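There are 2 protein chains.
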Amino acid sequence: TAESEPRSGERAVDFPVCVVLPAGGTGERTGLQTPKQFWSFLDRPLISYTIDAFERVSWIQNVVVVVAKENVDQMSHIVQRFAHRKVRVVTGGCTRHRSISNGVRALAEDRPEVVIVHDAVRPFVEEDFLYQIALAAKEHGAAGAIRPLVSTVIASTAEGFLDHSLERSKYRASETPQGFTFDVISQAYQRCSDWDLEFGTECLHLALRYCRVHAKLVPGPPTLWKVTYRWDLAAADSILKEPMLRSACVLSGDSVHAATLVSSLQKAVGALSMKLHVLTDLSAGIQAFLMKEWNYIHVSVDVCRLSDMEALVTRLEVEKRAPLCPLVLIWVHLNTHGDQPCSRAEGDTAAILDLASALKPNKLLLYSIQLHKSEEPELWEGSVSKLSELIGVLVKERSPALVGQLLRA
Amino acid sequence: TAESEPRSGERAVDFPVCVVLPAGGTGERTGLQTPKQFWSFLDRPLISYTIDAFERVSWIQNVVVVVAKENVDQMSHIVQRFAHRKVRVVTGGCTRHRSISNGVRALAEDRPEVVIVHDAVRPFVEEDFLYQIALAAKEHGAAGAIRPLVSTVIASTAEGFLDHSLERSKYRASETPQGFTFDVISQAYQRCSDWDLEFGTECLHLALRYCRVHAKLVPGPPTLWKVTYRWDLAAADSILKEPMLRSACVLSGDSVHAATLVSSLQKAVGALSMKLHVLTDLSAGIQAFLMKEWNYIHVSVDVCRLSDMEALVTRLEVEKRAPLCPLVLIWVHLNTHGDQPCSRAEGDTAAILDLASALKPNKLLLYSIQLHKSEEPELWEGSVSKLSELIGVLVKERSPALVGQLLRA
Ligand SMILES: [Mg+2]
Ligand SMILES: [Mg+2]
Chain L
405 TAESEPRSGE RAVDFPVCVV LPAGGTGERT GLQTPKQFWS FLDRPLISYT IDAFERVSWI
465 QNVVVVVAKE NVDQMSHIVQ RFAHRKVRVV TGGCTRHRSI SNGVRALAED RPEVVIVHDA
525 VRPFVEEDFL YQIALAAKEH GAAGAIRPLV STVIASTAEG FLDHSLERSK YRASETPQGF
585 TFDVISQAYQ RCSDWDLEFG TECLHLALRY CRVHAKLVPG PPTLWKVTYR WDLAAADSIL
645 KEPMLRSACV LSGDSVHAAT LVSSLQKAVG ALSMKLHVLT DLSAGIQAFL MKEWNYIHVS
705 VDVCRLSDME ALVTRLEVEK RAPLCPLVLI WVHLNTHGDQ PCSRAEGDTA AILDLASALK
765 PNKLLLYSIQ LHKSEEPELW EGSVSKLSEL IGVLVKERSP ALVGQLLRA
Chain H
405 TAESEPRSGE RAVDFPVCVV LPAGGTGERT GLQTPKQFWS FLDRPLISYT IDAFERVSWI
465 QNVVVVVAKE NVDQMSHIVQ RFAHRKVRVV TGGCTRHRSI SNGVRALAED RPEVVIVHDA
525 VRPFVEEDFL YQIALAAKEH GAAGAIRPLV STVIASTAEG FLDHSLERSK YRASETPQGF
585 TFDVISQAYQ RCSDWDLEFG TECLHLALRY CRVHAKLVPG PPTLWKVTYR WDLAAADSIL
645 KEPMLRSACV LSGDSVHAAT LVSSLQKAVG ALSMKLHVLT DLSAGIQAFL MKEWNYIHVS
705 VDVCRLSDME ALVTRLEVEK RAPLCPLVLI WVHLNTHGDQ PCSRAEGDTA AILDLASALK
765 PNKLLLYSIQ LHKSEEPELW EGSVSKLSEL IGVLVKERSP ALVGQLLRA
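Heads up: the sequence lines are chains L and H, in that order. For the first sequence, counting from 1, position 282 maps to 686 in the working numbering; every step adds exactly one. For the second sequence, counting from 1, position 335 maps to 739 in the working numbering; every step adds exactly one.
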């Protein structure tokens with residue numbers, strides 16, 4: 405029944421599962437300097453995101469990353485820099501099948517029940533889906549992700565004219581992850597021909613041909629898509645950031661002015677579909693809550709104490725979190741008197757800038773926004789709306805270049 | 405011979421060509437509020453970029469946009485707002501084929517030689533490729549864009565297991581644009597069945613089945629890809645902006661300090677792969693050059709005259725250009741004396757902000773960056789490198805939210 409079904413994240417397979425990530429491409433085929441698996445977004449290479457997707461899954465034991473000989477050093481450096489814990493780096497062959505075959509052989513002593521094969525350039529694979537693939541592979545010997553075809557598939561004559569089109573509904577695109585029992589994938593690679601190793605790419609086909617295993621096909625989500633072109637990095641960046649745009653934690657203190665600002669801001673950020681969780685004090689119970697957030701807005705009224713900000717940063721335990729993506733911390737300076745909103749803050753600018761620079765290597769991006777509490781409702785609304793717009797862009801872009809800037813709303 | 409081949413952009417077909425853009429989707433299928441063709445990036449809907457791609461081609465006469473009844477007003481508004489000149493808005497049917505059929509019928513009086521059918525959600529089609537499609541369609545009756553398959557295509561058994569995989573090299577993905585002689589496409593739609601109109605999607609198939617025309621298949625570039633998911637907008641944004649990251653025009657005046665800054669900056673922006681074209685005065689001959697650029701950096705030393713900036717803006721003829729994408733104008737304030745780089749500029753801030761606000765609706769984004777000419781080489785290098793980083797992010801993001809901010813390098 406649905407009730408006895410464990411919730412996502414609580415389901416664990418009870419047999420050993422390892423992963424092979426073929427990342428042997430050297431970029432030759434595309435003529436690019438950097439092979440795609442080492443392309444970066446948010447200052448982190450694609451393959452590190454993909455490895456992370458597997459390391460987060462408790463029931464996955466090892467991730468064998470297969471890279472070309474000339475990329476072994478680079479790969480080891482990535483493993484170290486991003487503190488990967490389950491990775492074994494193996495040298496690959498010169499084709500996809502030879503690399504996977506090397507990866508499977510590297511698991512001979514582990515003898516996992518199931519081996520998952522995935523592409524290094526598909527960073528968004530999720531635990532739920534891996535669970536489905538692992539179970540189906542155990543049950544049927546092999547399993548693979550499929551997606552509907554996005555275009556009609558056609559056959560061409562030798563002269564380059566339309567011969568016939570396939571009925572789209574009868575076919576599927578074969579994607580990764582794919583799963584195999586260790587026996588099936590090992591035997592498939594032992595039995596297959598040199599031609600297969602050289603020119604083939606599809607593991608499901610080898611399992612069918614050499615082990616007579618008809619893989620179970622499992623429909624996967626669209627995010628399984630493969631990063632192929634430079635512009636796909638922008639799409640990947642946008643997928644990764646999407647959950648980070650949904651909310652921010654506001655630390656406002658208990659002043660009346662801060663409360664006014666926060667209540668106006670609540671309305672304004674509604675347009676961004678962003679939720680604000682407002683905390684008026686930093687009592688002990690909120691620590692777990694604080695640690696889940698990607699964005700923080702700290703409001704200071706008139707007096708900007710650097711020590712308040714430092715205390716908050718300590719609470720965030722930035723270093724322990726080692727987040728995939730930088731945290732955003734926006735310090736809002738609300739000036740309630742005087743018509744020279746900038747003048748008094750000037751003295752603090754250098755200290756704020758120093759703090760911002762110090763936090764940047766820890767992946768905490770500190771920005772400041774200054775605004776004046778105008779008694780004129782129209783001016784005040786304009787300022788709040790500007791503040792909301794700035795918060796939106798800082799949270800979305802997460803730009804290190806703007807760290808330490810003092811913006812005005 | 406290659407020499408007699410006219411260069412790109414100089415080739416024009418000598419027969420009438422019209423376009424049908426089916427944009428009848430109402431977003432129902434995807435369950436989304438906004439149909440994909442109306443999704444926006446850089447504050448402009450996808451379909452407007454696609455229309456623009458055709459309007460830029462001198463030899464294309466009309467673009468018939470077929471939209472659902474409930475989107476006619478929205479579409480007319482887009483035509484007006486973005487000053488489209490070749491567009492005719494037609495009401496569509498409830499399937500892709502019915503919409504295209506309506507679009508073709510709307511061209512009955514024009515009787516173009518060739519009709520190009522394209523998807524509204526493929527905004528990056530280029531003139532060269534349209535030329536190839538139009539010529540092949542005229543010669544063979546029909547022609548269509550193809551792309552290599554990105555995934556292996558497999559056939560599934562009724563129970564959801566792998567039946568067989570297709571050999572990838574023998575098949576292609578069928579994309580748009582597709583071209584047809586008016587006679588072929590008209591007859592295909594007259595002769596085809598209700599089943600075709602209801603469940604089919606592929607025009608090449610109708611031409612083959614009902615007119616016995618084997619379409620010429622023309623390999624297209626990867627940018628023909630179809631915007632399908634929200635994150636594809638980020639990719640589209642990145643494709644559109646890519647040519648805008650390559651260069652900036654620097655207007656520096658002839659002071660020694662400005663020259664020092666510009667020469668340091670030249671080196672620093674090398675890391676961004678950005679070229680700087682430096683102009684020391686705004687003489688008449690440079691107008692054409694000015695009009696081709698997407699980014700401008702205006703350097704002021706010590707004195708920031710608003711009138712200088714206003715003169716530059718006038719030269720840019722911002723309103724006449726009606727650019728697809730906003731222009732970026734970065735005003736760099738170089739302060740060569742005093743250790744309070746901010747203090748004197750304060751007075752100008754309001755005026756600069758007013759100017760920036762006034763320019764924003766004209767798609768000119770004005771930002772300011774202030775830096776101090778330090779005698780300390782290390783500090784100076786740090787400032788220039790920060791300046792370069794800020795220029796990079798402003799040019800790349802083209803963020804309206806940051807307009808008018810005074811940044812510090
Ligand atoms: Mg999950
Ligand atoms: Mg062209």
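Think of the CB as a built atom: it goes at the ideal place given N, C-alpha and C, for glycine as much as any other residue. Computed from a prediction, not measured in an experiment: that's the story for all the values here.
For residue i, count neighbouring Cβ atoms within 10 angstroms of its own Cβ and tell me buried if that reaches 16, exposed if not.
| i | result |
| --- | --- |
| ARG812 (chain H) | buried |
| GLU579 (chain H) | buried |
| THR556 (chain L) | buried |
| PRO426 (chain L) | buried |
| GLN774 (chain H) | buried |
| ALA510 (chain L) | buried |
| ASP660 (chain H) | Before going on, a small fix: residue 660 (chain H) reads as Val here, not Asp. Classification of VAL660 (chain H): exposed, given that the 10 Å Cβ count is below 16. |
| MET695 (chain H) | exposed |
| THR718 (chain H) | exposed |
| LEU783 (chain H) | exposed |
| HIS741 (chain L) | exposed |
| GLU793 (chain H) | buried |
| ARG576 (chain L) | buried |
| GLY817 (chain L) | Only positions 405 to 813 of chain L appear in the structure, and residue 817 (chain L) is not among them; the question remains open. |
Run through DSSP, which three-state label would residue i get?
| i | result |
| --- | --- |
| ARG719 (chain L) | helix |
| ASP598 (chain H) | helix |
| PRO765 (chain L) | helix |
| LEU794 (chain H) | helix |
| ALA524 (chain H) | coil |
| VAL807 (chain L) | coil |
| GLN441 (chain L) | helix |
| PRO449 (chain L) | strand |
| PRO730 (chain H) | coil |
| ALA416 (chain L) | coil |
| VAL788 (chain L) | helix |
| SER778 (chain L) | coil |
| VAL799 (chain H) | helix |
| ARG725 (chain L) | helix |
| ALA813 (chain L) | coil |
| ARG748 (chain L) | Unreliable placement is indicated for ARG748 (chain L), whose pLDDT of 45 sits below 50; no coordinate value is reported for it. |
Item checked: chain H contacts made by the stretch 788-805 of chain L, where a contact means CB separation under 7 Å -> GLU793, LEU794, GLY796, VAL797, GLU801, SER803, ALA805
Check: Hey, is the stretch 496-503 of chain L in contact with the stretch 593-609 of chain L, meaning 3+ C-beta pairs nearer than 8 Å?
Finding: yes
Checklist line | Completely contained beta strand (DSSP E) runs for the stretch 609-687 of chain H, where each covers 3 or more residues | finding: 620-623, 651-655, 679-683
Next item on the list: Counting only runs of 3+ residues fully inside the stretch 459-522 of chain H, write out the beta strand (DSSP E) ranges in chain order.
Entry: 464-471, 491-495, 518-521
Notebook entry, point to check: Using Cβ-Cβ distances below 8 Å, what residues of the stretch 547-570 of chain H are close to chain L?
Noted result: GLY548, ILE550, ARG551, LEU553, VAL554, SER555, THR556, VAL557, ILE558, ALA559, SER560, THR561, GLY564, PHE565, LEU566, ASP567, HIS568, SER569, LEU570
Next item on the list: Check whether the stretch 446-463 of chain L touches the stretch 728-740 of chain L, taking contact to mean three or more Cβ pairs, one atom from each stretch, closer than 8 Å.
Entry: yes
Notebook entry, point to check: Counting only runs that start and end within the stretch 527-610 of chain L, where is the alpha helix (DSSP H) found for 4 or more residues in a row?
Noted result: 531-544, 586-595, 598-603
Check: How about the stretch 523-539 of chain H and the stretch 535-554 of chain L: do they share at least three Cβ pairs that are nearer than 8 Å?
Finding: no
Next item on the list: Count the C-beta pairs between the stretch 674-688 of chain L and the stretch 649-658 of chain L that are closer than 8 Å, then say yes if the count reaches three, no if not.
Entry: yes
Note to self: Whether or not the stretch 614-633 of chain L and the stretch 560-572 of chain H are in contact is what I'm after, with contact meaning three or more pairs of Cβ atoms, one per stretch, closer than 8 Å; do they touch?
What the structure shows: yes
Notebook entry, point to check: If contact means a Cβ-Cβ distance below 9 Å, which residues of the stretch 633-644 of chain H contact chain L?
Noted result: TYR633, ARG634, TRP635, ASP636, LEU637, ALA638, ALA639, ALA640, ASP641, SER642, ILE643
Check: How do the stretch 661-678 of chain H and the stretch 629-641 of chain H stand: do at least 3 beta-carbon pairs fall below 8 Å, yes or no?
Finding: no
Margin query: I want to know whether the stretch 801-812 of chain L touches the stretch 434-449 of chain H - three or more CB-CB distances under 8 Å.
Written below: no
Checklist line | Touching by the beta-carbon criterion (3+ pairs, under 8 Å), the stretch 588-602 of chain H and the stretch 531-541 of chain L | finding: no
Next item on the list: Anything in the stretch 578-605 of chain H with a Cβ closer than 8 Å to a Cβ of chain L? List those residues in chain order, please.
Entry: SER578, GLU579, THR605
Checklist line | Contact residues within the stretch 615-629 of chain L, judged by C-beta distance below 7 Å to chain H | finding: HIS618, ALA619, LYS620, LEU621, PRO626
Note to self: Please list, in chain order, the residues of the stretch 673-696 of chain L that have any C-beta partner in chain H closer than 8 Å.
What the structure shows: none
Next item on the list: Pull out every residue of the stretch 525-537 of chain L whose Cβ sits closer than 7 Å to any Cβ of chain H, in chain order.
Entry: none
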